[in-house]
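Taking the numbering used here, the leading residue of the sequence shown gets 18, the next gets one more, and so forth.
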Amino acid sequence: MPENPYAWIDRALNTIHKANWHRQVRAIASKAGPVVELEGRSQINLASNDYLGLAGDERTIAAAVAATQKYGTGSTGSRLLTGHRSLHRQLEEAIAQWKQTEDAIVFSSGYLANFGAIAALTNPRDCILGDEYNHSSLLNGAKASGAAVYTYSHADVADLQEKLQQYRWQYRRCLILTDSVFSMDGDLCPLPEIMDLAHGYSAMVMVDEAHATGIFGDSGSGTVEYFALSDNPPIQMGTLSKALASLGGYVAGSANLIDFLRNRAPSWIYTTGLSPADTAAALEAIAIARSEPQRRETLWHNISQIKDKITEIVTPVNDRLKLLPSDSPILCLQMPDAQSVVTAGKTLQERGIFAAAVRPPTVPTSRLRLTVMATHQPQHLDSLLAAVKSIADDSSKRNL
Ligand SMILES: *Cc1c(COP(=O)(O)O)cnc(C)c1O
């Protein structure tokens, strides 16, 4: 009898279990917010991408409900056929206006935006240079494009220059890809230096603003505004799924670039348009993010409080615990090994705090990843700090 062609899946799954890499979903039973109900318990939420606290806001919810009542649940087709509503265009115009670009295009997810844009911009005659810590959607989009893919050391402009020197002129076009805020570390890419270098080598640059949209710059439009690069901006990609509290992705840039993507990005042409509810929620979230800068102020205040206090707590044990350098709401407490981060994760959970314990191979070193929200209240942050203190005490005891 021939072997069962699916038997390899059992073996692969076994390997995943043996390596302690198996992952499972956990259901949140309440509305999005700074406190959520998880596995029957109320937990302070330090694991969400909803940085401005808009996913549970009455106004974004009302916008989604109204759009659903008007248009129905699904968009029912590709944007080029039955999937386009005036709402989609309004959202694209709102993004372009916010970003100060000529136009923008909305995809059905951030992942699809990266796949589609990279596939449209490059092909096997071209090369792509990407930061080694880039998001999976940039890396896999680059691989799928068929272009030659090279990685440079994390945020290392000298290494990027070396790679440009070595490879750029062996190819027709060159595309540099980088996260602006790195999702697993929380640090910023050196965007002004990258733009300068790219200019000298006639290279395109696309920056992934997933964790910067709504947060950086006075109006919250992202790091191009923050670094004052709007005269000569990179292609700006981002998601509607993080601070904008919805689902979907976008690319913002020149009118010609966007028109080209509408004609050449397969993940835009051959997929169903964003649902009316998601589109309307994102549109409302942009309006709130722009008109309520106090949300950003509170967010940055919360970030600096937590950073300062965690630094105070871990400094006495800083050979075992280290707060990684961060410029964003993503704060990572690095721990010596996978076992200690799993134990620390349990301590947090027992104390009613929901945070991610991230281990290799997802990241190079084990860490607790904490994400701060504008809607965290002082008592939430106090509970977090008390828990971090207990983890630090425990760690210094074990070190004795
Ligand atoms: C989340 C994320 C994406 C994917 O966006 P989705 O809208 O969730 O598909 C892309 N890039 C980065 C850096 C991200 O963090």
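The C-beta atom is built at its ideal place from N, Cα and C for all residues, glycine as well.
In this structure, does DSSP put MET336 in helix, strand or coil? For the sequence presented, residue 336 should be read as Asp rather than Met. In this structure, ASP336 counts as coil in the three-state DSSP scheme.
May I have a chain-ordered list of the alpha helix (DSSP H) segments no shorter than 4 residues that lie completely inside the region 156 to 202? 174 to 184
Within 10 angstroms of its Cβ, does SER59 collect 16 or more other Cβ (buried), or is it exposed? exposed
For THR132, the three-state DSSP class (helix, strand or coil): As written in the sequence, residue 132 is Phe, which differs from the Thr given in the question. In the three-state scheme derived from DSSP, where H, G and I count as helix and E and B as strand, PHE132 is classed as helix.
Cα-Cα separation between GLY133 and ARG386, rounded to whole angstroms: Answer to the nearest angstrom: the Cα atoms are 29 Å apart.
At a cut of 8 Å, does the region 350 to 360 reach the region 270 to 288 through at least three beta carbon pairs? Remark: fewer than three beta-carbon pairs, one from each stretch, lie closer than 8 Å, so the region 350 to 360 and the region 270 to 288 are not flagged as touching.
May I have a chain-ordered list of the alpha helix (DSSP H) segments no shorter than 4 residues that lie completely inside the region 35 to 122? 75 to 88, 103 to 116
Starting from ILE145, trace the beta strand (DSSP E) both ways and give me its first and last residue. Residue range 144 to 148 is occupied by the beta strand (DSSP E) that includes ILE145.
With distances taken between CB atoms, is the gap from PRO293 to ALA84 smaller than 8 Å? yes
Looking only at C-alpha atoms, which of VAL198, VAL389, GLY239, ARG40 sits nearest to ILE303? GLY239
Whether GLU301 touches THR77 by CB criterion (8 Å): yes
Give me the Cβ distance between LYS35 and GLY73, rounded to the nearest whole Å; I'm assuming they're in contact under 8 Å. Wrong, their Cβ atoms sit about 39 Å apart, outside the cutoff.
Assuming ASP176 contacts TYR169 (C-beta within less than 8 Å), just tell me the rounded distance between them. 4 Å
Report yes or no: do the region 195 to 207 and the region 148 to 159 share at least 3 C-beta pairs separated by less than 8 Å? yes
SER321, buried or exposed, once every other Cβ within 10 Å from all chains shown has been counted against 16: exposed
Keeping to the same chain, check which residues put their C-beta closer than 7 Å to that of VAL174; ignore five residues upstream and five downstream. The residues are PRO207, GLU210, ILE211, LEU214.
Quick check: what's the CA-CA separation for TRP25 versus PRO19? 13 Å
Alpha carbon to alpha carbon, how far is LYS326 from ASP399? Give it in angstroms, no decimals. 10 Å
Can you name the start and end residues of the alpha helix (DSSP H) that LEU350 belongs to? LEU350 -> not in any alpha helix (DSSP H); beta strand (DSSP E) instead, spanning 347 to 351.
Could you tell me whether the Cβ atoms of GLY369 and ILE61 are closer together than 8 Å? yes
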